[in-house]
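With the UniProt record's numbering, letter number 299 in the sequence shown gets 299, and the count goes up by one each step, no holes.
We treat Cβ as the ideally placed atom computed from N, Cα and C, and that holds for glycine.
All figures in this text were calculated on a predicted structure; none of them were measured in a lab.
Down below is the structure, laid out as structure tokens.
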Amino acid sequence: MVTEDEAMRRAIALAGRGLGTTSPNPVVGCLLLDTDGEIVGEGFHAYAGGPHAEIVALAQAGERARGGIAVVTLEPCNHTGRTGPCSEALINAGVKRVIIAVDDPTPVASGGAVTLRAAGVQVETGVRRAEAEQGNVAWLTAVRRGRPFVTWKFAATLDGRSAAADGTSQWITSSPARTDVHTLRSTMDAIMVGSGTVVTDDPQLTVRDLKDGTLAIKQPLRVVVDSTGRTPEKARVRDVAAPTWIVTTREVGAGPDGRVDLHALLQALFGRGIRSVLLEGGPTLAGSFLAAGLVDQVIGYVAPKLLGAGKTALLDAGVTTIGDAIELELTDIAQIGPDLRFIASLRQKES
Numbered sequence: 001m002v003t004e005d006e007a008m009r010r011a012i013a014l015a016g017r018g019l020g021t022t023s024p025n026p027v028v029g030c031l032l033l034d035t036d037g038e039i040v041g042e043g044f045h046a047y048a049g050g051p052h053a054e055i056v057a058l059a060q061a062g063e064r065a066r067g068g069i070a071v072v073t074l075e076p077c078n079h080t081g082r083t084g085p086c087s088e089a090l091i092n093a094g095v096k097r098v099i100i101a102v103d104d105p106t107p108v109a110s111g112g113a114v115t116l117r118a119a120g121v122q123v124e125t126g127v128r129r130a131e132a133e134q135g136n137v138a139w140l141t142a143v144r145r146g147r148p149f150v151t152w153k154f155a156a157t158l159d160g161r162s163a164a165a166d167g168t169s170q171w172i173t174s175s176p177a178r179t180d181v182h183t184l185r186s187t188m189d190a191i192m193v194g195s196g197t198v199v200t201d202d203p204q205l206t207v208r209d210l211k212d213g214t215l216a217i218k219q220p221l222r223v224v225v226d227s228t229g230r231t232p233e234k235a236r237v238r239d240v241a242a243p244t245w246i247v248t249t250r251e252v253g254a255g256p257d258g259r260v261d262l263h264a265l266l267q268a269l270f271g272r273g274i275r276s277v278l279l280e281g282g283p284t285l286a287g288s289f290l291a292a293g294l295v296d297q298v299i300g301y302v303a304p305k306l307l308g309a310g311k312t313a314l315l316d317a318g319v320t321t322i323g324d325a326i327e328l329e330l331t332d333i334a335q336i337g338p339d340l341r342f343i344a345s346l347r348q349k350e351s
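See below:
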């Protein structure tokens with residue numbers, strides 16, 4: 001027998017399997033328990049346009065779902081898009097109780113809980129809400145703000161250097177850390193750099209297996225912020241390994257500094273179905289995003305090395321005094337090989 005709380009934890013873990021493949025849809029996990037509290041079906045939303053988590057779980061359960069309990073990380077949808085409404089599917093299957101972690105914030109899909117209750121189904125919401133929201137943070141942030149969730153990733157030495165005095169930077173971090181970065185990339189809808197990084201380092205910005213170099217089947221959109229159009233014609237980001245958008249001021253407009261308007265850029269990416277962006281550009285682009293208040297999460301890989309001179313991981317972020325420091329809240333610290341990886345969210349300043 002599985003408790004409803006245990007079932008929700010399992011559903012949240014299942015939802016995470018869809019990271020990187022469901023946009024512009026959310027990640028969702030679902031478990032179905034029969035009248036004895038045994039798991040009879042489980043599923044997750046694997047890709048946009050594919051069956052929703054509830055439909056996958058119902059298909060596994062069959063008649064055993066009747067009279068049972070559905071445990072789902074996000075409120076069942078209440079509209080017909082590329083698939084039918086999950087709320088109606090649960091009602092038709094005879095489910096008597098639905099446990100929901102997070103209410104759907106989108107007007108077009110919300111209302112599933114109301115429909116379920118109107119049909120006589122017992123509904124409880126808010127179970128492990130914080131944990132489920134964290135697992136779906138990119139999509140939830142994107143739909144609430146109308147722009148993608150932005151993660152700034154950097155690698156640096158203990159004294160904050162991203163390159164040595166002679167410009168060399170390969171490799172600051174270890175092979176395990178670089179493998180971890182490719183896992184991180186695989187969960188993102190887009191990878192973004194500035195044209196300076198392309199000119200200097202000529203990165204390919206793909207997700208690949210570092211053991212044999214093979215490319216992953218699903219590749220994030222490569223975005224180059226290039227105000228003046230100086231990306232070389234033979235740059236690796238122009239190859240056919242992944243889709244690429246080289247963004248100029250002509251396309252999205254210019255901000256007060258004459259460079260690409262970052263707010264407009266993110267809005268345009270949202271319109272393209274992008275819900276998460278991994279910012280891998282150099283210190284100038286990172287500083288611009290931070291100064292504009294457009295970074296939601298920071299992931300740093302710190303190597304146990306000292307350089308004492310060379311390029312820093314971050315340049316001007318609009319901070320001139322200690323009272324204006326950008327504050328972070330650490331959410332995870334782990335050792336990856338010899339390196340340290342930290343994950344932090346930006347702390348909202350009190351007004």
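**Report entry** Spatial neighbours of residue 331 in its chain, beta-carbon cut-off 7 angstroms, leaving aside the 5 residues before and after
**Finding:** Taking the first residue of the sequence shown as position 1, residue 331 is located at position 331. Correct list, in chain order: 343, 344 and 345.
Query raised in the report: From the DSSP output, which residues share a beta bridge with residue 303?
Result: On the sequence shown, residue 303 is found 303 positions in, with the first residue counted as 1. Residue 303 is bridged to 157.
Report task. Measure from the alpha carbon of residue 42 to the alpha carbon of each residue in 48, 7 and 22, then state which is nearest. Result -> Working through the sequence shown from its first residue, we reach residue 42 at position 42. When only C-alpha atoms are compared, the closest one is 7.
Query raised in the report: To the nearest angstrom, how far is it from the Cα of residue 159 to the Cα of residue 302?
Result: Within the sequence shown, numbered from 1, the residue matching residue 159 stands at position 159. Within the sequence shown, numbered from 1, the residue matching residue 302 stands at position 302. About 9 angstroms.
Query raised in the report: Where does residue 222 land, buried or exposed, given buried means 16+ other C-beta within 10 angstroms?
Result: Working through the sequence shown from its first residue, we reach residue 222 at position 222. Buried, because 16 or more other Cβ atoms sit within 10 Å of the Cβ of residue 222.
Requested in this report: Return the chain-ordered list of same chain residues with a C-beta closer than 6 angstroms to the C-beta of residue 142, the five sequence neighbours on each side being excluded.
Outcome: What you label residue 142 is simply residue 142 of the sequence shown in a count that begins at 1. Excluding sequence neighbours, residue 142 sits near 148, 149 and 275.
Query raised in the report: What do you reckon, are the CB atoms on residue 75 and residue 103 nearer than 8 angstroms?
Result: The residue labelled residue 75 in the question sits at position 75 within the sequence shown. The residue labelled residue 103 in the question sits at position 103 within the sequence shown. Result yes, Cβ atoms of residue 75 and residue 103 sit closer than 8 angstroms.
Query - CB of residue 227 within 8 angstroms of CB of residue 272, strictly - result: Residue 227 sits at position 227 when you count from the first residue of the sequence shown. Residue 272 sits at position 272 when you count from the first residue of the sequence shown. Result no, Cβ atoms of residue 227 and residue 272 do not sit closer than 8 angstroms.
Report task. Grab the span of the alpha helix (DSSP H) containing residue 134 for me, first residue to last. Result -> Translated into the one-based positions of the sequence shown, residue 134 becomes position 134. Counting along the chain, the alpha helix (DSSP H) containing residue 134 begins and ends at 129–135.
**Report entry** Contact between the segment 54–72 and the segment 26–44 (3+ Cβ pairs under 8 angstroms)
**Finding:** yes
Query raised in the report: By a C-beta neighbour count over all protein chains shown, 10 Å radius and 16 as the cutoff for buried, is residue 250 buried or exposed?
Result: In the sequence shown, residue 250 corresponds to position 250, counting from 1. The residue is exposed, with fewer than 16 neighbouring Cβ atoms inside 10 Å.
Query raised in the report: Quick one: what does DSSP say residue 245 is sitting in, helix, strand or coil?
Result: Position 245 of the sequence shown, counting from 1, holds the residue named residue 245. Three-state result, residue 245: strand.
Requested in this report: Note the first and the last residue of the continuous alpha helix (DSSP H) segment covering residue 175.
Outcome: On the sequence shown, residue 175 is found 175 positions in, with the first residue counted as 1. In this chain, the alpha helix (DSSP H) harbouring residue 175 covers 175–186.
Query raised in the report: Is residue 185 buried or exposed, if buried means 16 or more other CB atoms sit within 10 Å of its CB?
Result: Taking the sequence shown and counting its residues from 1, the one referred to as residue 185 is at position 185. Residue 185 is buried by the Cβ-count criterion.
**Report entry** Reference residue 307, options 164, 45 and 97, closest by Cα
**Finding:** Taking the first residue of the sequence shown as position 1, residue 307 is located at position 307. Here the closest residue by C-alpha is 164.
Query raised in the report: Where do the N-terminal and C-terminal ends of the beta strand (DSSP E) with residue 201 fall, by residue?
Result: Position 201 of the sequence shown, counting from 1, holds the residue named residue 201. Note, residue 201: premise wrong, no beta strand (DSSP E); alpha helix (DSSP H) at 195–201.
**Report entry** residue 196 versus 11, 298 and 281, residue with shortest Cα-Cα distance
**Finding:** Stepping through the sequence shown from its first residue, residue 196 is reached at position 196. Selected option, being the one with the closest Cα: 281.
Query - Reduced DSSP category for residue 347 - H, G, I as helix; E, B as strand; rest coil - result: The residue labelled residue 347 in the question sits at position 347 within the sequence shown. Residue 347 falls in the coil class under three-state DSSP.
**Report entry** Extent of the continuous alpha helix (DSSP H) run through residue 60
**Finding:** In the sequence shown, the residue the question calls residue 60 occupies position 60. Taken as a continuous stretch (DSSP letters only), the alpha helix (DSSP H) holding residue 60 covers 53–61.
Query raised in the report: Excluding five sequence neighbours on each side, which residues of the same chain lie with their C-beta closer than 6 angstroms to the C-beta of residue 182?
Result: On the sequence shown, position 182 is the one that residue 182 refers to. So the qualifying residues of the chain are 207.
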